[in-house]
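Enquirer: Sharing a structure with you now.
Number of protein chains: 2
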Amino acid sequence: MRKISIQDIAEELKLSKATVSLVLNGRGDEKRIRKETQEKIKNYAKLHNYRPNQFARGLSRGKSEMVGLIIPNISDNFYARIASRIEQKARLSGYTVVYSSSGENPDREKELIQTMLDRQIDGLIIASTQKNQEEIKRLKKMNFPFVLIDRHYPEIETNFVIVDNAGGVVSAVDQLVKQGRTRIGYVSLQSDLEAIHQRTEGYLQAMKKHGLPVESSFVQEVSPESYEVEMNQAIAHLVEAEPKVDGIVFATHYLTAAGLRSLKKRGLSVPADVAVVSYDQMNAFDLIEPPMTCVIQPVDEIGDRAVNILLDTMRKNETTKQLVLKTDFVVRKSCGG
Amino acid sequence: MRKISIQDIAEELKLSKATVSLVLNGRGDEKRIRKETQEKIKNYAKLHNYRPNQFARGLSRGKSEMVGLIIPNISDNFYARIASRIEQKARLSGYTVVYSSSGENPDREKELIQTMLDRQIDGLIIASTQKNQEEIKRLKKMNFPFVLIDRHYPEIETNFVIVDNAGGVVSAVDQLVKQGRTRIGYVSLQSDLEAIHQRTEGYLQAMKKHGLPVESSFVQEVSPESYEVEMNQAIAHLVEAEPKVDGIVFATHYLTAAGLRSLKKRGLSVPADVAVVSYDQMNAFDLIEPPMTCVIQPVDEIGDRAVNILLDTMRKNETTKQLVLKTDFVVRKSCGG
DNA sequence: ACTAATTGCTAAATCGGTTTAGCAATGGAG
DNA sequence: CTCCATTGCTAAACCGATTTAGCAATTAGT
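Each protein sequence line maps, in turn, to chains A and B. The first sequence begins at 1 in full-length UniProt numbering and counts up by one. The second sequence begins at 1 in full-length UniProt numbering and counts up by one.
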């Protein structure tokens with residue numbers, strides 16, 4: 001049961017490689033190969049479990065039927081779910097997805113893009129660190145098909161599928177206001193990510209819209225590296241400086257987690273003392289006490305749209321498509337509702 | 001800035017493809033190519049950003065420098081973390097990891113294995129559905145390098161890295177006993193997975209060891225498809241039948257989650273009414289009230305060991321390696337401690 | 001009966017590398 | 001001056017497919 005090549009089949013059946021290849025690629029009729037011959041080839045191939053060597057095929061066709069996916073971190077549930085969806089969706093169109101995590105490291109991201117290009121992938125989906133403009137520009141200049149997801153470079157014209165971050169936070173603030181909260185704080189991340197800035201924008205917009213004051217202590221930022229520790233500081237500012245907040249919006253799910261721990265340590269009760277809404281969710285956010293109110297990102301839609309756009313771009317050279325998806329919202333007890 | 005091939009370099013520098021290839025693969029000295037010539041080639045290659053075509057290289061070398069990873073579900077945090085670790089570790093040895101989710105579907109798993117073999121991967125790491133003996137046997141017969149992780153086929157002699165499931169549950173029961181609980185229930189999954197059976201074994205062993213009775217209502221099984229619903233039934237049996245349980249061990253993290261919801265619905269308090277220990281963890285298990293006591297699986301070690309074994313197997317044809325890793329344990333409030 | 005069209009298939013180039021056997025030129029030893 | 005070693009490099013086969021131009025044999029058309 002050794003590996004069998006097209007050559008082997010051709011010799012065995014006393015035909016040429018060309019004929020065999022044509023038939024096995026379904027071009028037998030088009031090339032007017034006799035039905036009988038076609039059957040013979042197909043049967044032999046099936047019987048001996050013929051499998052085309054993808055290297056040879058790729059080399060000669062210049063296509064790999066693979067698309068690359070680069071995300072910051074596969075063990076972040078948000079990206080894992082996107083990855084999972086993209087894989088499923090891409091498979092339906094016959095593509096294999098190759099994915100890798102950049103660990104939020106631009107150099108590594110660059111390296112990964114290069115590795116994937118070396119492997120002759122046909123297209124790329126990237127949730128970029130957003131510190132990799134040069135590489136993205138290069139892809140664009142190469143006219144290589146790609147789609148940015150979750151994060152994009154506003155200054156580069158590319159395909160992208162992102163989420164309406166500002167809108168998501170607005171709905172979070174709206175909900176707190178609806179519950180009668182007026183001194184609403186916001187905890188965010190020190191970050192260059194557009195998405196993070198937009199969330200802050202959303203907070204400020206929403207507060208303005210409701211005519212609520214934004215005290216200087218209301219907006220807190222912690223560093224991505226040591227947010228666990230800094231969160232205690234941040235919470236201290238929010239709940240001690242006068243006026244104390246009666247509601248907090250956290251900019252990411254893990255900030256919410258850290259924030260809750262911090263609130264708990266101080267003996268503050270949610271939502272009685274402070275109502276909480278989280279941007280983005282975590283697996284157990286409906287399990288915790290109180291269950292967490294969340295802005296929900298349309299994970300499946302991000303994946304589906306990204307794949308669709310990529311396939312379009314790969315096939316015809318479509319115009320660039322830029323999508324901003326609306327967030328969803330789940331009200332649970334943490335917001336005081 | 002077009003794509004440049006070895007051919008191009010050779011022509012430009014009036015050398016042969018062979019020389020260029022040799023030099024760029026670091027075999028210049030060995031083949032006694034003049035330093036000067038080597039420099040010329042390397043410089044030209046760097047300057048024009050030469051990148052070898054991996055298809056061509058793979059075709060001619062018969063190696064792809066890729067390893068495949070097949071897991072049930074990338075959006076399950078347990079597997080995501082393993083995948084992440086494996087990717088990092090494999091990269092250090094110059095391998096790219098291609099991964100795919102089987103969705104617990106044996107047919108799909110088989111398909112994935114085939115696809116990966118077609119793509120000429122050099123080795124494979126599989127967390128199998130355990131309903132795919134034929135395929136695994138086939139790999140073995142082909143003498144293809146692979147390692148099973150998390151789940152293995154006891155009747156097939158293969159490399160594997162699994163966890164001491166029974167031992168993990170024993171430590172869970174031990175902890176509950178230490179907290180003075182004596183009527184300990186166990187909620188598991190209807191499943192053919194060895195890992196799941198072993199956990200049940202562990203429960204029974206531990207109860208026996210402590211001389212505790214296992215009432216018929218103490219062991220509950222729910223189906224993987226509708227465990228959320230059936231959990232209510234299961235919990236009802238555990239807490240209503242006499243004698244009522246005063247402690248429960250859940251066989252997986254998501255069973256724990258569902259169980260907690262169910263207990264909450266009935267107004268039962270953890271750990272006052274029922275102490276709880278979870279086999280395996282979830283992201284927010286330290287956030288919930290009460291924080292969850294967990295059996296911790298050595299995720300990183302699974303990944304590291306699997307890669308090591310795979311690399312060994314790929315290089316020299318080592319003897320089969322079979323590893324059973326010990327679990328860890330985190331005590332938190334849910335067990336009454 | 002002669003040309004034209006159709007049928008059925010193949011030869012050979014190509015993709016971009018790797019690798020082995022060996023050639024030509026130079027230097028040194030005897 | 002001849003012979004052998006060494007240096008520096010190359011020709012050509014090979015990996016396993018795809019694809020195009022076109023040949024030979026048969027059938028159809030007039």
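By construction, the Cβ of each residue, glycine as well, lies at the ideal position given by its N, Cα and C atoms.
For T293(B), does the three-state DSSP call read helix, strand or coil?
Expert: By one-based count along the second sequence, residue 293(B) stands at place 293. Strand, per DSSP.
Enquirer: Exposed or buried, which one is A195(A) when buried takes at least 16 other CB atoms within 10 Å?
Expert: Walking along the first sequence from the start, residue 195(A) turns up at place 195. Result: buried.
Enquirer: Of the residues that make up the segment 114 to 133 of chain A, which ones have a beta carbon closer than 8 angstroms to any beta carbon in chain B?
Expert: Listed in sequence order: Q114, T115, L117, D118, R119, Q120.
Enquirer: Within the continuous alpha helix (DSSP H) that includes V23(B), where are the two ends?
Expert: Counting from one through the second sequence, the residue named residue 23(B) turns up at place 23. It spans 17 to 24 - the alpha helix (DSSP H) in which V23(B) sits, taken as one unbroken run.
Enquirer: For P291(B), which residues of its own chain have a beta-carbon under 8 angstroms away from its beta-carbon, when the five flanking residues on both sides are left out?
Expert: Stepping through the second sequence from its first residue, residue 291(B) is reached at position 291. If we look at P291(B) and ignore the five residues flanking it on each side, its Cβ neighbours are F285, R332, K333, S334.
Enquirer: Apply the 10 Å Cβ neighbour rule to K326(B) and answer buried if 16 or more other Cβ atoms are within range, or exposed otherwise.
Expert: Numbered from 1 along the second sequence, position 326 holds the residue referred to as residue 326(B). Exposed is the call here.
Enquirer: Between the segment 131 to 150 of chain B and the segment 247 to 255 of chain B, are three or more C-beta pairs nearer than 8 angstroms?
Expert: no
Enquirer: Could you name each continuous alpha helix (DSSP H) segment of 4 residues or more that falls completely within the segment 167 to 212 of chain A, going from the start of the chain to the end?
Expert: 194 to 209
Enquirer: Name the one or two DSSP bridge partners that Q120(B) has.
Expert: As a first step, residue 120(B) is located in the second sequence; it is residue number 120 there, counting from the start. DSSP lists no partner for Q120(B).
Enquirer: Whole angstroms are fine: how far does the CA of F160(B) sit from the CA of G202(A)?
Expert: If you number the first sequence from 1, residue 202(A) lands on position 202. If you number the second sequence from 1, residue 160(B) lands on position 160. Using only the alpha carbons, I get a separation of about 50 angstroms.
Enquirer: Which bits of chain B does G336(A) rub up against, with CB to CB less than 9 angstroms?
Expert: Residue 336(A) sits at position 336 when you count from the first residue of the first sequence. Near G336(A) there are no residues of chain B at all, since even the closest Cβ is about 17 angstroms away, more than 9 angstroms.
Enquirer: Let me know the beta strand (DSSP E) ranges lying completely inside the segment 294 to 326 of chain B, each 3 residues or longer, listed in chain order.
Expert: Qualifying beta strand (DSSP E) stretches, in chain order: 322 to 325.
Enquirer: When DSSP labels each residue in this structure, what does T115(A) get in the three-state scheme?
Expert: As a working mapping, residue 115(A) is identified with position 115 in the first sequence. Three-state result, T115(A): helix.
Enquirer: Contact check, R119(B) vs T313(A) under 8 angstroms by CB: the rounded distance?
Expert: Locating residue 119(B) in the second sequence gives position 119, where the first residue counts as 1. Locating residue 313(A) in the first sequence gives position 313, where the first residue counts as 1. About 23 angstroms; that fails the 8 angstroms criterion.
Enquirer: Roughly how many angstroms lie between the CA atoms of D76(B) and N77(A), to the nearest whole one?
Expert: Taking the first residue of the second sequence as 1, we reach residue 76(B) at position 76. Taking the first residue of the first sequence as 1, we reach residue 77(A) at position 77. The straight-line gap from Cα to Cα measures roughly 8 angstroms.
Enquirer: What residues of chain A sit near R332(B), judged by a beta carbon separation below 9 angstroms?
Expert: By one-based count along the second sequence, residue 332(B) stands at place 332. Near R332(B) there are no residues of chain A at all, since even the closest Cβ is about 13 angstroms away, more than 9 angstroms.
Enquirer: Going along chain A, which residues have a C-beta under 8 angstroms from I136(B)?
Expert: For the purposes of this step, residue 136(B) is taken as the residue at position 136 of the second sequence. Taking a Cβ-Cβ threshold of 8 angstroms, none of the residues of chain A is close to I136(B); the smallest such distance is about 16 angstroms.
Enquirer: Using CA coordinates, which residue listed in L287(A), A258(A), P271(A) is at the minimum distance from K265(B)?
Expert: Position 265 of the second sequence, counted from the start, is the residue given in the question as residue 265(B). It is L287(A).
Enquirer: Between E215(A) and V277(A), what straight-line distance do the alpha-carbon atoms span, to the nearest angstrom?
Expert: Walking along the first sequence from the start, residue 215(A) turns up at place 215. Walking along the first sequence from the start, residue 277(A) turns up at place 277. Their Cα atoms are separated by approximately 19 angstroms.
Enquirer: May I ask you to report which of helix, strand or coil DSSP gives V239(A)?
Expert: As a position in the first sequence, residue 239(A) is number 239, starting the count at 1. Under the three-state reduction of DSSP, V239(A) is assigned to helix.
Enquirer: Given this structure, state the Cα-to-Cα distance separating T158(A) from N232(A), to the nearest angstrom.
Expert: Counted from its first residue, the first sequence places residue 158(A) at position 158. Counted from its first residue, the first sequence places residue 232(A) at position 232. Roughly 40 angstroms separates the two Cα atoms.
Enquirer: Of all Cβ atoms in chain A, is any one closer than 8 angstroms to the Cβ of Y99(B)?
Expert: Within the second sequence, numbered from 1, the residue matching residue 99(B) stands at position 99. Y99(B) counts as touching chain A.
Enquirer: Helix, strand or coil for V229(B), going by three-state DSSP, please let me know.
Expert: Here residue 229(B) refers to the residue found at position 229 when the second sequence is read from its first residue. Helix.
Enquirer: Could you name the residues of the segment 74 to 95 of chain A whose beta carbon sits closer than 7 angstroms to any beta carbon of chain B, in the order they occur along the chain?
Expert: I74, S75, N77, A80, R81, A83, S84, E87
Enquirer: Please list, in chain order, all residues of the same chain as A234(B) whose beta carbon is under 6 angstroms from its beta carbon, the five residues on each side excluded.
Expert: By one-based count along the second sequence, residue 234(B) stands at place 234. Hits under 6 angstroms: V187, Q220, V222.
Enquirer: Where do the ends of the alpha helix (DSSP H) carrying Y44(B) lie?
Expert: For the purposes of this step, residue 44(B) is taken as the residue at position 44 of the second sequence. Membership of Y44(B) in the alpha helix (DSSP H) is indicated by the continuous run 35 to 47.
Enquirer: In terms of residues, what are the limits of the beta strand (DSSP E) holding M142(B)?
Expert: Taking the second sequence and counting its residues from 1, the one referred to as residue 142(B) is at position 142. Where M142(B) is concerned, there is no enclosing beta strand (DSSP E), although the alpha helix (DSSP H) it sits in stretches over 133 to 142.
Enquirer: So M116(A) packs on G68(A), CB below 8 angstroms; how close in whole Å?
Expert: Counting from one through the first sequence, the residue named residue 116(A) turns up at place 116. Counting from one through the first sequence, the residue named residue 68(A) turns up at place 68. Yes, M116(A) and G68(A) are in contact; Cβ-Cβ is about 4 angstroms, under 8 angstroms.
Enquirer: Rounded to a whole number of angstroms, what is the C-alpha to C-alpha distance between S171(A) and R81(A)?
Expert: For the purposes of this step, residue 171(A) is identified with residue 171 of the first sequence, where counting begins at 1. For the purposes of this step, residue 81(A) is identified with residue 81 of the first sequence, where counting begins at 1. Cα-Cα distance, rounded: 23 angstroms.
Enquirer: Check whether the segment 84 to 104 of chain A and the segment 300 to 311 of chain A touch, using three or more Cβ-Cβ pairs below 8 angstroms as the test.
Expert: yes
Enquirer: How many Å lie between T129(A) and G123(A) at the Cα?
Expert: Locating residue 129(A) in the first sequence gives position 129, where the first residue counts as 1. Locating residue 123(A) in the first sequence gives position 123, where the first residue counts as 1. The straight-line gap from Cα to Cα measures roughly 18 angstroms.
Enquirer: Kindly say whether A257(A), judged by its beta-carbon, lies nearer than 8 angstroms to any beta-carbon of chain B.
Expert: As a first step, residue 257(A) must be located in the first sequence, where it is residue number 257. Chain B, which has a Cβ nearer than 8 angstroms to the Cβ of A257(A), makes this yes.
Enquirer: Mind pulling the beta strand (DSSP E) runs of 3 or more residues that sit fully within the segment 43 to 79 of chain B?
Expert: Complete beta strand (DSSP E) runs here, min 3: 66 to 71.
Enquirer: Going straight from the alpha carbon of R34(A) to that of N105(B), what length do you get?
Expert: Counting from 1 along the first sequence, the entry for residue 34(A) is found at position 34. Counting from 1 along the second sequence, the entry for residue 105(B) is found at position 105. Taking the straight line joining both Cα atoms gives about 39 angstroms.
Enquirer: On the criterion of 16 or more Cβ atoms from any shown chain inside 10 Å, does R61(B) qualify as buried, or is it exposed?
Expert: Here residue 61(B) is taken as the residue at index 61 of the second sequence, counted from 1. The residue in question, R61(B), is exposed, as its Cβ has fewer than 16 Cβ neighbours within 10 Å.
Enquirer: So if DSSP puts E221(A) in a beta bridge, which residue, or which two residues, is it bridged to?
Expert: Translated into positions along the first sequence, residue 221(A) becomes position 221. Answer is S188(A).
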